[in-house]
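**Q**
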Amino acid sequence: MSGSEPSNTASGSQPSNTSVLRLGWSFALLAVGASQLATAWAGVLPVAVFVAAIAVTYGLVLAARAARMPAGFTVIGVLVLAAGGTYLLTGAATLDAVTDLIPRLLTAVRPAPPVAALLVPGALLVVVVALVVALSVLSRGRALFVPAAGAAVLYLAAALLTAGQADPHGLVALAMVALTGFGWLVLDRAARTQRARASALVPPGVLVGALAGLAVLVGLLPSSAAPFEPRTLISPPVEDLPVASPLPQLSSWASAGDTELFRVRGPDVPLRLVALSEYTGATWRAGTVYGPLGAVAPPELPAGIRPVSATVEVTVGALAGPWLPAAGRPTYVSTADAVVDADSGSLVLPAGLRPGLQYEVRSTVDTAEDRDLLGAAVPGTRRYLALPQLPFSLAEYARRTVANARTPFEQAVAIEEVVRTNRRTDAEAPVGSSYARLETFLFAPPGTPGAAEGTAEQFASAFAVLARAVGLPSRIVVGFRPSTPDGVVRGSDATAWPEVYFTGWGWIPFDPIPGTNSGADSTSRREVINRLATPTPTPSTPAPTGPPLPTAAPVPTDTA
């Protein structure tokens with residue numbers, strides 16, 4: 001098949017009408033392929049960037065041809081300009097630095113955020129393909145195969161970056177086949193009338209048959225086996241970030257209650273800053289190993305069977321530190337530099353937050369009705385049960401608290417109620433979550449600094465430690481519960497709450513802080529609290545002595 005009439009490329013004259021038509025056709029074909037490639041990124045910006053890259057490359061090739069520049073110099077000139085643009089956008093000045101961008105893209109969340117560092121690999125691919133196609137269309141020979149091959153390269157790249165989800169039904173592929181057939185059958189018709197080239201042409205019947213076969217094959221592709229996943233070939237970059245826990249900051253945030261930490265747009269849900277799962281007996285710590293959101297390993301404990309999605313847009317104000325607020329376990333974040341702890345879903349920006357930073361984060365949150373948890377079991381996961389050198393006083397207090405509870409859910413409700421009863425919040429209370437601080441908080445006589453009073457740190461920590469002592473996997477979440485509907489999150493909204501993991505349902509929050517009424521907002525919890533508050537016969541064998549348990553008053557049952 002002949003790709004074009006003899007051209008006068010070497011003479012530098014303007015392209016013929018046939019060449020112009022072929023350039024337009026090839027541009028349209030590449031634009032379809034580039035638009036398909038852009039589905040690997042979020043938003044419409046990638047489409048504009050990739051189509052513009054084709055247009056600029058075509059313009060440079062035409063300008064070089066008009067200036068009678070040899071094809072080799074044209075290639076070098078376009079590649080030098082592309083390298084210069086890459087350096088300006090990303091600071092990647094060497095080939096190694098540019099190739100490092102590809103693993104970053106392959107380990108990014110899907111769809112990838114449309115930021116320069118992640119867009120550059122796609123744009124460079126588009127430029128190279130457009131350069132080869134433009135030079136081929138303007139040269140002698142069978143040039144019309146090259147645009148189809150170039151568009152196929154872009155389509156294949158899109159399939160690899162999206163694990164075959166870019167065109168699940170093959171509709172774009174069929175459109176590309178039709179457009180290719182248009183170019184081969186219509187634009188090349190004039191050349192086929194010349195006897196001298198007839199021997200080099202594919203008979204129209206054979207060509208139509210080949211296109212039809214290709215269309216059928218494309219239609220069958222989506223129903224084939226699972227697509228190839230190139231991410232399995234990439235070792236995701238992992239960072240060891242010993243970031244400090246924000247738990248001690250709760251008191252300072254409370255003291256500066258009117259300070260605007262950030263603004264949020266989205267559903268009215270608690271926002272998580274970090275989940276703390278490691279307890280040393282002196283303090284709670286976050287995980288230290290972080291990786292790209294799209295490439296981290298699954299969490300040790302899987303998500304629940306009834307997750308809900310939440311998308312929020314955050315604008316940072318006075319909030320400092322590396323932690324990014326999110327509504328739950330993140331599935332997408334528009335900040336390309338953010339990394340995530342696989343188990344907790346905590347997002348970290350290694351460079352730290354800055355005032356005015358804006359980002360969007362999509363998350364999933366485990367949800368369950370209390371009645372779903374009545375008979376739920378809990379796993380024996382060592383990481384979320386660790387209590388190094390637990391004092392006897394705390395162990396015995398936990399045992400006595402759940403003595404009458406029959407299920408893990410009832411144990412959690414009992415601990416929630418006993419921690420909140422006869423205690424109060426005080427932003428000026430001593431900070432800390434060590435065993436000694438918790439013993440003072442729970443057992444010290446009135447008048448002792450920190451006795452029966454504390455911030456959310458002490459309430460959440462006491463719950464989590466007592467829960468672990470009776471075999472409930474628990475952790476602490478530091479976050480925010482916005483108190484006003486204006487989207488402004490202030491220091492007074494900062495808090496912490498414990499979570500317990502239930503098999504099949506995921507991480508479920510509890511709230512032992514007095515004044516929130518979370519222990520009496522469901523029929524199931526009211527029934528559990530009232531039953532556990534009923535006196536039971538004294539055991540025949542006296543229990544070891546321990547700190548007295550607060551007496552919880554029965555919660556009125558709503559008879560309506």
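If you use the numbering used here, the sequence shown corresponds to residues 1 to 560, in order.
Even glycine gets a Cβ: it sits at the ideal position worked out from N, Cα and C.
Across the region 20 to 30 and the region 150 to 162, are there enough close Cβ pairs to call them in contact, namely three or more that are closer than 8 angstroms?
**A** Taking 8 angstroms as the limit for Cβ pairs, the verdict is that the region 150 to 162 does touch the region 20 to 30.
**Q** Thinking C-alpha only, which one of Glu439, Arg272, Leu385, Gly181 is nearest Thr280?
**A** Taking only the C-alpha atoms, the option nearest Thr280 is Leu385.
**Q** Would you check if the region 449 to 460 and the region 360 to 377 touch, i.e. whether three or more CB-CB distances between them fall below 8 angstroms?
**A** In short, these stretches do not touch, since the Cβ pair count stays below three.
**Q** Keeping to the same chain, check which residues put their C-beta closer than 8 angstroms to that of Pro302; ignore five residues upstream and five downstream.
**A** Counting only Cβ-Cβ distances below 8 angstroms, and skipping sequence neighbours, we find Gly506.
**Q** Only counting the same chain, and skipping five residues up and downstream in sequence, which positions put a Cβ closer than 6 angstroms to that of Trp497?
**A** Closer than 6 angstroms at the Cβ level, and outside the excluded window around Trp497, lie Ala460, Val477, Pro509, Asp511.
**Q** When the Cα atoms are used, what is the spatial distance from Phe73 to Leu62?
**A** Roughly 13 angstroms between the two C-alpha positions.
**Q** Measuring straight from C-alpha to C-alpha, what distance separates Leu221 and Gly170?
**A** Confidence at Leu221 is low in this model, with a pLDDT of 47, below 50, so its placement is unreliable and the value that follows should be read with caution. Going from the Cα of Leu221 to the Cα of Gly170 covers about 7 angstroms.
**Q** Hey, how far is the Cα of Asp268 from the Cα of Leu438?
**A** Whole-angstrom Cα-Cα distance: 32 angstroms.
**Q** Do Ala338 and Gly266 have their beta-carbon atoms positioned less than 8 angstroms apart in this structure?
**A** Cβ atoms of Gly266 and Ala338: not closer than 8 angstroms.
**Q** Please classify Val206: does DSSP put it in a helix, a strand, or coil?
**A** With a pLDDT of 47 at Val206, under the threshold of 50, the modelled position of this residue cannot be trusted, and the question is left open.
**Q** Which runs of the beta strand (DSSP E) spanning at least 3 residues fall entirely within the region 308 to 388, listed in chain order?
**A** Within the region 308 to 388, the complete beta strand (DSSP E) runs of at least 3 residues are 329 to 333, 358 to 366.
**Q** Within a Cβ cutoff of 7 angstroms, which residues of the same chain sit near Gln389, ignoring the five residues on either side of it in sequence?
**A** Excluding residues within five positions, the ones whose Cβ falls inside 7 angstroms are Gly281.
**Q** Using 8 angstroms as the Cβ pair cut-off and three pairs as the minimum, do the region 253 to 266 and the region 483 to 498 touch?
**A** With the cut-off at 8 angstroms, the region 253 to 266 and the region 483 to 498 touch.
**Q** If you compare alpha carbons, which of Ala38, Leu179, Val274 is closest to Leu144?
**A** Per the Cα distances, Leu179.
**Q** Does DSSP classify Glu19 as helix, strand or coil?
**A** Reading off the sequence, residue 19 comes out as Ser, not Glu. If DSSP states are grouped into helix, strand and coil, Ser19 belongs with the helices.
**Q** Check the DSSP bridge columns for Pro509 and list the partner residues they point to.
**A** Looking at the DSSP assignment, Pro509 forms a beta bridge with Glu499.
**Q** Cβ of Ala336 within 8 angstroms of Cβ of Pro113?
**A** In contact: Ala336 and Pro113 (Cβ atoms closer than 8 angstroms).
**Q** Are there 16 or more other CB atoms within 10 angstroms of the CB of Val500, so buried, or fewer, so exposed?
**A** That one is buried.
**Q** For Gly504, is the classification buried or exposed, using 16 other Cβ atoms within 10 angstroms of its Cβ as the cut-off for buried?
**A** The residue is exposed, with fewer than 16 neighbouring Cβ atoms inside 10 Å.
**Q** What first and last residue would you give for the beta strand (DSSP E) that runs through Ala292?
**A** Strictly speaking, residue 292 in this sequence is Pro, with Ala absent from that position. That run of the beta strand (DSSP E) goes 289 to 292.
**Q** Less than 8 angstroms between the CB atoms is what I'm expecting for Leu131 and Val75, so what's the real figure, rounded?
**A** Yes, they are in contact, since the Cβ atoms of Leu131 and Val75 sit about 7 angstroms apart, within 8 angstroms.
**Q** Determine whether the beta carbon atoms of Val361 and Tyr290 lie at a separation below 8 angstroms.
**A** The answer is no: Cβ separation not under 8 angstroms.
**Q** Count the other CB atoms within 10 Å of the CB of Asp366; is the residue buried (16 or more) or exposed (fewer)?
**A** Buried, by the Cβ-count rule.
**Q** Can you confirm whether the region 463 to 477 touches the region 406 to 422 when touching is taken to mean that 3 or more C-beta pairs between the two stretches lie within less than 8 angstroms?
**A** These segments touch.
**Q** Could you check which residue in Ala342, Asp370, Trp323, Val333 has the C-alpha nearest to that of Leu353?
**A** Out of Ala342, Asp370, Trp323, Val333, Trp323 has the C-alpha closest to the C-alpha of Leu353.
**Q** What is the DSSP secondary structure of Arg272, reduced to helix, strand or coil?
**A** Correct three-state label for Arg272: strand.
**Q** Kindly indicate the opening and closing residues of the beta strand (DSSP E) around Ser474.
**A** Note, Ser474: beta strand (DSSP E), 474 to 480.
**Q** Only counting runs of 4 or more residues, tell me where the alpha helix (DSSP H) segments fall wholly within the region 29 to 82, in order along the chain.
**A** As far as the region 29 to 82 is concerned, its whole alpha helix (DSSP H) runs of at least 4 residues are 45 to 66.
**Q** Take Val562 as the anchor and find which of Val308, Leu532, Tyr332, Gly515 has the nearest alpha-carbon.
**A** With the chain covering only 1 through 560, there is no way to say anything about residue 562.
**Q** Pick helix, strand or coil for Thr425, following the three-state DSSP scheme.
**A** Correct three-state label for Thr425: strand.
**Q** Name the DSSP beta bridge partners of Gly454, please?
**A** Its beta-bridge partners are Thr425.
**Q** Using DSSP with H/G/I as helix, E/B as strand and the rest coil, what is Asp581?
**A** The shown model of the chain, from 1 to 560, leaves out residue 581, and the question about it has no answer.
**Q** How big is the Cα-Cα spacing for Thr159 and Val314?
**A** For the sequence presented, residue 159 should be read as Ala rather than Thr. If you take the alpha carbons of Ala159 and Val314, they lie about 32 angstroms apart.
**Q** On the three-state DSSP scale, how would you describe Ala123?
**A** It is helical.
**Q** By the three-class DSSP mapping on this structure, what secondary structure does Val133 have?
**A** It is helical.
**Q** Give a yes or no on whether 8 angstroms exceeds the smallest Cβ distance from Val413 to chain D.
**A** Although the question refers to chain D, the structure presented lacks it and comprises just one protein chain.
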